[in-house]
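>
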Amino acid sequence: MREGIEVQDLMKVFRTRKINQDRPWWQRCSSYLKPDYEEMRALQGISFSVQPGERIAFIGPNGAGKSTTIKILAGILHPTTGQVSVSGLIPWKDRQKLGYRIGTVFGQRSQLWYHLPAGDTLRLLARVYDLPMTDFRQRRDELVRLFDIKELLDQPVRQMSLGQRMRCEIVASLLHRPEILFLDEPTIGLDVTAKAIIRDLIHTQSVNEGTTIFLTSHDTGDMERVCERVIVINHGQLLFDRSLQNLRAHFIKRKILTFMTAEETLHLQMPGLSQLKIEPHRSVWSVDTKILPVGQVVAQVLQQAKLRDLTVEDPPMEDIVQDIYRAPALVRQEAPQ
C-alpha cells in the first residue's frame, strides 16, 4: 500500500560563523578560537500532508524555504526539529531505502552522464536500482514511447537541447517506478513549446500510474497545468494550503475588461478602475470588484460608446501569486479554514 508525505512542526535552523572584516586583525584571529555564530531560520514549524497520487505545487519567492524543504523530504538535509514521513520512511534515517521509492528531478542539476548517451545512463541506473534486465527493458520501452526519446537514446547528453535533456531526466527519475516524484524547477530555461510538452508528460504520468507529484517552481504555468493543490510558503512559514480552484475563487479580487468600440478612445474615471492598455478602438481595464461591480463599468461604457466586443477575464495566476507574496498577513487572515 502506497503512503504519502507527512510533515509536522518542521523547523530548520542554519548556523553560520560571524566574521567581521572591519574589526582589527587580532580580534578577527580571536574569533577563530572562540567563534560567534548567527542563526538563520529557514523553516519555522511548518506542517502539511500529501496523500498518495496527489499533485502538489509547493511555491514561494526566493529564500522562502522551498529547496530546504524538498532536500529534507529527499533525505539530503536533517531538520533541526519536527517529524517527517515520506512513503512511510524517515528520510534522513532511511535514505537508501527511500531512494527506491522516490524520484528526483532538479532543473539545474543533471543525473545524466554528460558525455555518455542517455541509453547508457538508463542502463547504469537499472543496476543502481537492482532492476532485472527484463523489467528494465519493458519499463524503458514504455517510457521511451511516452516521452518520445527513442532518437535520443544513442545521443550524448552534451549534444541535446535543454528540452530534450529534461525529457531524458524525467525518464531516468521514473525508471524504477517511484511512488513520489520531486520536481524542482523542471521547466527552467525551456521555451514555451518544450514547457508545454514537459507539463503534459508529468501530468499524464501521474494520472496513469498514480505517482505523487511534489513540484516547486517559479513558473505558474507549471502549477496550473500539473497540480491540483497549492502550498504557499514565505520566510519559512506556511501561508496557504488549499486547492488551486480554491485559490482562484478566494483571492481573485480583480477582473480584466477589454473593450472594442466604434469610438477611437474611451474616457472612464471610476473608483476601483485603472487603465492597463489603450489602442485605437481597443482599451484594457482592471476592475477592483470589491469596490466596483463589473456591470457598472459596462453600463458606463454603453452610455458613451458603441460597444463592438467585450471580454471579461481573471488576472493571470502570476499576478495572484505575487499578491499573496506581498501581503502574507492578509493571506493568513483571509484564507478559508
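Taking the numbering used here, I'd label the letters of the sequence shown as residues 57 to 393. For each residue, glycine too, the CB sits at the ideal point set by N, CA and C.
Can you name, in chain order, every residue of its own chain whose Cβ lies under 8 Å from the Cβ of LEU246, other than the five neighbours on each side?
In the sequence shown, the residue the question calls residue 246 occupies position 190. Correct list, in chain order: LEU218, GLY219, MET222, ILE254.
> So which of GLU284, PHE203, ILE158 has the shortest CA-CA distance to ILE128?
Counting from 1 along the sequence shown, the entry for residue 128 is found at position 72. Answer by Cα proximity: ILE158.
> Should LYS149 go down as buried or exposed, given a rule of 16 or more other Cβ atoms within 10 Å for buried?
The sequence position of residue 149 within the sequence shown is 93, counting from 1. Exposed, because fewer than 16 other Cβ atoms sit within 10 Å of the Cβ of LYS149.
> Hey, would you say LYS362 sits closer than 9 Å to THR317, going by beta carbons?
Reading the sequence shown from its first residue, position 306 is the one you call residue 362. Reading the sequence shown from its first residue, position 261 is the one you call residue 317. Yes, the Cβ-Cβ distance between LYS362 and THR317 is below 9 Å.
> Please state the DSSP three-state secondary structure of GLN152.
As a position in the sequence shown, residue 152 is number 96, starting the count at 1. Note: GLN152 maps to helix in three-state DSSP.
> Assign GLN232 to buried or exposed, taking buried as 16 or more other Cβ atoms, counted over all protein chains shown, within 10 Å of its Cβ.
Position 176 of the sequence shown, counted from the start, is the residue given in the question as residue 232. Checking the displayed sequence, the identity of residue 232 turns out to be His instead of Gln. With 16 or more Cβ atoms within 10 Å of its Cβ, HIS232 is classed as buried.
> Once you ignore the five residues that flank GLN393 on each side, which residues in its own chain have a CB closer than 8 Å to its CB?
For the purposes of this step, residue 393 is identified with residue 337 of the sequence shown, where counting begins at 1. Confidence in GLN393 is poor, its pLDDT being 48 and thus under 50, which makes the residue's placement unreliable; the coordinate value appears in the next sentence. Result list for GLN393: empty, nothing under 8 Å.
> Write down every uninterrupted run of the alpha helix (DSSP H) in the region 99-175 whose length is 4 residues or greater and which is fully enclosed by it, in chain order.
Counting whole runs of 4 or more residues, the region 99-175 contains the alpha helix (DSSP H) stretches 122-129, 151-155.
> I need the boundaries of the beta strand (DSSP E) containing GLU335, first residue and last residue.
Translated into positions along the sequence shown, residue 335 becomes position 279. Segment 329-335, the beta strand (DSSP E) holding GLU335.
> Applying the criterion that 16 or more other CB atoms from any shown protein chain within 10 Å of the CB defines a buried residue, is GLY131 buried or exposed?
Residue numbering aside, residue 131 sits at position 75 when the sequence shown is read from its first letter. Result: buried.
> Going along the chain, which residues of its own chain have a beta-carbon closer than 8 Å to the beta-carbon of ILE133, five neighbours each way excluded?
For the purposes of this step, residue 133 is taken as residue 77 along the sequence shown, with counting starting at 1. According to the sequence as given, residue 133 is Leu; it is not Ile. Excluding positions up to five away in sequence, the list reads LYS68, THR124, LYS127, TRP148.
> Using a Cβ distance threshold of 8 Å, determine whether the region 289-305 contacts the region 318-334, with at least three qualifying pairs required.
Short answer: they don't touch.
> Which residues bound the beta strand (DSSP E) around THR272?
As a first step, residue 272 must be located in the sequence shown, where it is residue number 216. From DSSP, the beta strand (DSSP E) with THR272 extends over 268-272.
> For LYS206, which residues of its own chain have a beta-carbon under 6 Å away from its beta-carbon, when the five flanking residues on both sides are left out?
Your numbering for residue 206 matches position 150 in the sequence shown. Same-chain partners within the cutoff: VAL200.
> Taking the alpha-carbon of ARG373 as reference, which of GLY351, VAL286, MET326 has the nearest alpha-carbon?
As a working note, residue 373 is residue 317 in the sequence shown. Strictly speaking, residue 373 in this sequence is Met, with Arg absent from that position. The residue with the shortest Cα to Cα distance from MET373 is VAL286.
> My guess is that VAL357 and VAL350 are in contact by the Cβ rule of under 8 Å, so how many angstroms apart are they, rounded?
For the purposes of this step, residue 357 is identified with residue 301 of the sequence shown, where counting begins at 1. For the purposes of this step, residue 350 is identified with residue 294 of the sequence shown, where counting begins at 1. About 11 Å separates the two Cβ atoms, so there is no contact after all.
> If you check the beta carbons only, do PHE270 and ILE244 fall under 9 Å apart?
Within the sequence shown, the letter at position 214 stands for residue 270. Within the sequence shown, the letter at position 188 stands for residue 244. Result no, Cβ atoms of PHE270 and ILE244 do not sit closer than 9 Å.
> Name the residue from ILE146, GLY101, THR137, ARG298 whose alpha carbon lies nearest to the alpha carbon of CYS283.
Taking the sequence shown and counting its residues from 1, one reaches residue 283 at position 227. Of ILE146, GLY101, THR137, ARG298, the residue nearest in Cα terms is ARG298.
> With a threshold of 8 Å on Cβ separation, who are the neighbours of VAL213 within its own chain once the five nearest residues in sequence on each side are excluded?
Taking the sequence shown and counting its residues from 1, one reaches residue 213 at position 157. So the list reads SER166, LEU168, TRP169, TYR170, HIS171, LEU172, PRO173, ALA174, THR177, ARG221, CYS224, once near-sequence residues are dropped.
> What residue range is occupied by the uninterrupted alpha helix (DSSP H) comprising SER262?
Counting from one through the sequence shown, the residue named residue 262 turns up at place 206. 248-265 is the span of the alpha helix (DSSP H), which, as asked, contains SER262.
> Using a 10 Å radius around the Cβ and a threshold of 16 neighbouring Cβ atoms, would you call MET279 buried or exposed?
Here residue 279 refers to the residue found at position 223 of the sequence shown. Buried is the call here.
> Rounded to whole angstroms, what is the Cα-Cα separation between ALA98 and LEU66?
Walking along the sequence shown from the start, residue 98 turns up at place 42. Walking along the sequence shown from the start, residue 66 turns up at place 10. Cα to Cα, ALA98 sits roughly 10 Å from LEU66.
> Just list the beta strand (DSSP E) runs in the region 170-237, keeping only unbroken ones of 3 residues or longer that don't cross its boundaries, in chain order.
Entirely contained in the region 170-237, not one beta strand (DSSP E) run reaches 3 residues.
> Candidates GLN325, MET216, ILE380, ASN264: which alpha carbon is nearest ASN290's?
In the sequence shown, the residue the question calls residue 290 occupies position 234. When only C-alpha atoms are compared, the closest one is ILE380.
> Do you know how far the Cα of PRO234 is from the Cα of ILE146?
Residue 146 sits at position 90 when you count from the first residue of the sequence shown. Residue 234 sits at position 178 when you count from the first residue of the sequence shown. Those two C-alpha atoms are separated by around 16 Å.
> Can you grab the Cα-Cα spacing for the pair HIS323 / ILE312, in whole Å?
Residue mapping note: residue 323 aligns to position 267 of the sequence shown, counting from 1. Residue mapping note: residue 312 aligns to position 256 of the sequence shown, counting from 1. Approximately 17 Å, taken between the alpha carbons.
> Rounded to whole angstroms, what's the CA-CA distance from VAL63 to GLY144? Just pull it up for me.
Here residue 63 corresponds to residue number 7 of the sequence shown, with the count starting at 1. Here residue 144 corresponds to residue number 88 of the sequence shown, with the count starting at 1. Cα to Cα, VAL63 sits roughly 12 Å from GLY144.
> What is the DSSP secondary structure of ASP365, counted as helix, strand or coil?
Residue 365 sits at position 309 when you count from the first residue of the sequence shown. It is a strand residue.
> According to DSSP, is THR276 helix, strand or coil?
For the purposes of this step, residue 276 is taken as the residue at position 220 of the sequence shown. THR276 falls in the helix class under three-state DSSP.
> Which value, in whole angstroms, describes the spacing of the CA atoms of GLN389 and PHE203?
One-based indexing of the sequence shown puts residue 389 at position 333. One-based indexing of the sequence shown puts residue 203 at position 147. Below a pLDDT of 50, predicted positions are generally treated as unreliable, and GLN389, at 46, falls in that range; the measurement from the model is reported next regardless. Spanning the two alpha carbons is a distance of roughly 43 Å.
> Mapping the DSSP letters down to three states, classify ARG97 as helix, strand or coil.
The residue given as residue 97 occupies position 41 in the sequence shown. The answer is strand: DSSP assigns ARG97 an E or B state.
> So, helix, strand or coil for LEU303, using DSSP?
Counting from 1 along the sequence shown, the entry for residue 303 is found at position 247. Looking at LEU303 - three-state DSSP - the assignment turns out to be helix.
> With a CB to CB cut of under 6 Å and the five nearest residues on each side skipped, what residues in its chain are close to TYR185?
Here the question's residue 185 lines up with position 129 in the sequence shown. Excluding positions up to five away in sequence, the list reads HIS232.
> In the DSSP assignment, the alpha helix (DSSP H) including GLN360 goes from what residue to what residue?
The residue labelled residue 360 in the question sits at position 304 within the sequence shown. Start and end: 350-360.
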